[in-house]
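**Student:** Just dropping this structure here.
Numbering (my numbering), first residue to last: 193 to 545.
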């Protein structure tokens, strides 16, 4: 990685770090291959330098799935191996037996990755890769497996959750690229209706391929909400399959913490705050309570940068189920973020002090 003056950028160079504007709105994500239009955009922002990958860092293999901070981590290696299977599944959907066999292999490789709470941190290192359906599906499958383990599911139940989570968005496989990074909150009109149809499309695809229940039903119902305000059927409460409730939370978490151009860069702390607010309305408390309890434990010790410029680390979470942690700054100051409404955690590092 090297710093390159914006005036010296050339098409084909690859960003090594995400470029953000005011309030951490993402302008261009890490791993973006620069075009003339990208470079002109950066010049108009009057940036002095950006960070570019060295040639030996570059790889087009599977959308640079392994190009993350922890290049030598076992998790990154495993993620790259699963990515190959993930792309293969979507290529094989016209061949039902092959798709089922590859999905079974994929789930078997994800299960050990979901057995480690540290995977929450590793997934955040991969959060800049929201460009393909396969990678989003892979991340959701891993996180859904982690949640299922935290909920006390048995091994076969976790396997089923992982499989369903990977296939939950298969109805988006024919979406145009510009639609893949969108959520229901980002769309309106005809685009919104097209988006909502992906649940039924996914159900039909999985039924036709020959996946057994509850896999197709989870694809159909992963956007249903506990208060009945989801889609496509408007189901509520116990009418929603328990596995679909897990996938709904995992999907929302990945959408919140993945970089999307034009949106504020989010951290796991933002996601925790979101689920604390939604726990008794849209999402199942039986899913959210174990998630919030265990994910907070996994973040203790992590390095953070606050919006006032102070750096520190996560010391602990208050015992009153508060959404935000207590941070110890570099100068030893104890800051309860729940009481500091005037600033927030802007950056988060998976390294621990």
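Heads up, the beta-carbon is just placed ideally off N, CA and C, and yes, glycines get one too.
Which residue from 481, 202, 535, 422 puts its Cα closest to that of residue 183?
**Tutor:** A query on residue 183 cannot be resolved here, the shown segment of the chain reaching from 193 to 545 and no further.
**Student:** Please go through the same chain and pick out, in chain order, the residues whose beta-carbon is closer than 7 Å to the beta-carbon of residue 334, but skip the five residues on each side of it.
**Tutor:** Excluding residues within five positions, the ones whose Cβ falls inside 7 Å are 302, 305, 306, 311, 315.
**Student:** Could you tell me which residues DSSP pairs with residue 508 in its beta bridges?
**Tutor:** Answer is 518.
**Student:** Could you tell me which residues DSSP puts in a beta bridge with residue 220?
**Tutor:** Residue 220 is bridged to 211.
**Student:** Which word fits residue 511, buried or exposed, when buried means at least 16 other C-beta atoms lie within 10 angstroms of its C-beta?
**Tutor:** That one is exposed.
**Student:** Ignore the nearest five residues each way along the sequence and tell me which others in residue 463's own chain have a CB closer than 6 Å to its CB.
**Tutor:** Closer than 6 Å at Cβ, skipping near neighbours: 445, 448, 449.
**Student:** For residue 289, which three-state DSSP category applies?
**Tutor:** Note: residue 289 maps to helix in three-state DSSP.
**Student:** Could you tell me how far apart the beta carbons of residue 395 and residue 372 are, in whole angstroms, since I believe they sit closer than 8 Å?
**Tutor:** That pair is no contact at about 19 Å.
**Student:** Measuring alpha carbon to alpha carbon, tell me which of 290, 517, 531, 378 ends up nearest residue 485.
**Tutor:** Ranking 290, 517, 531, 378 by Cα distance to residue 485 puts 517 first.
**Student:** Rounded to whole angstroms, what is the Cα-Cα separation between residue 212 and residue 244?
**Tutor:** The alpha-carbon atoms of residue 212 and residue 244 are separated by roughly 15 Å.
**Student:** Report the residue ranges of all alpha helix (DSSP H) runs contained in full by the segment 334-368; include only those spanning at least 4 residues, in chain order.
**Tutor:** Listed in chain order, they are 347-359.
**Student:** Whole angstroms is fine: what's the gap from residue 534's alpha carbon to residue 519's?
**Tutor:** Answer to the nearest angstrom: the Cα atoms are 15 Å apart.
**Student:** Give me the Cβ distance between residue 356 and residue 407, rounded to the nearest whole Å; I'm assuming they're in contact under 8 Å.
**Tutor:** Going by Cβ atoms, the distance from residue 356 to residue 407 rounds to 5 Å, so yes, they are a contact pair.
**Student:** Output the distance between the C-alpha atoms of residue 391 and residue 473, rounded to the nearest integer angstrom.
**Tutor:** So the two alpha carbons sit approximately 21 Å from each other.
**Student:** Buried or exposed for residue 459, going by 16 or more other Cβ atoms inside 10 Å?
**Tutor:** Result: buried.
**Student:** Label residue 195 either buried or exposed according to how many other C-beta atoms from any shown protein chain fall within 10 Å of its C-beta, with 16 as the threshold for buried.
**Tutor:** Answer is exposed; the Cβ neighbour count stays below 16.
**Student:** With DSSP as the reference, label residue 502 as helix, strand or coil.
**Tutor:** In this structure, residue 502 counts as coil in the three-state DSSP scheme.
**Student:** Taking the C-alpha atoms as reference points, what is the distance between residue 522 and residue 491?
**Tutor:** Their backbone Cα atoms lie some 18 Å apart in a straight line.
**Student:** On the three-state DSSP scale, how would you describe residue 464?
**Tutor:** Residue 464 falls in the helix class under three-state DSSP.
**Student:** Give the secondary structure of residue 294 by DSSP, where H, G and I count as helix, E and B as strand, and everything else as coil.
**Tutor:** In this structure, residue 294 counts as helix in the three-state DSSP scheme.
**Student:** Does the Cβ of residue 248 have 16 or more other Cβ atoms within 10 Å, making it buried, or fewer, making it exposed?
**Tutor:** Note that residue 248 scores 46 on pLDDT, short of 50, meaning its location in the model is unreliable; the coordinates nonetheless yield the value given after this. With fewer than 16 Cβ atoms within 10 Å of its Cβ, residue 248 is classed as exposed.
**Student:** For residue 193 and residue 242, what's the separation of their Cα atoms in angstroms?
**Tutor:** Between residue 193 and residue 242, the C-alpha separation is close to 10 Å.
**Student:** Inspect the beta-carbon positions of residue 226 and residue 207 and report whether they are closer than 8 Å.
**Tutor:** Yes, the pair counts as a contact, with Cβ atoms nearer than the cut-off.
**Student:** Just verifying my parser: in three-state terms, what is the DSSP assignment at residue 411?
**Tutor:** Here residue 411 sits in helix by DSSP.
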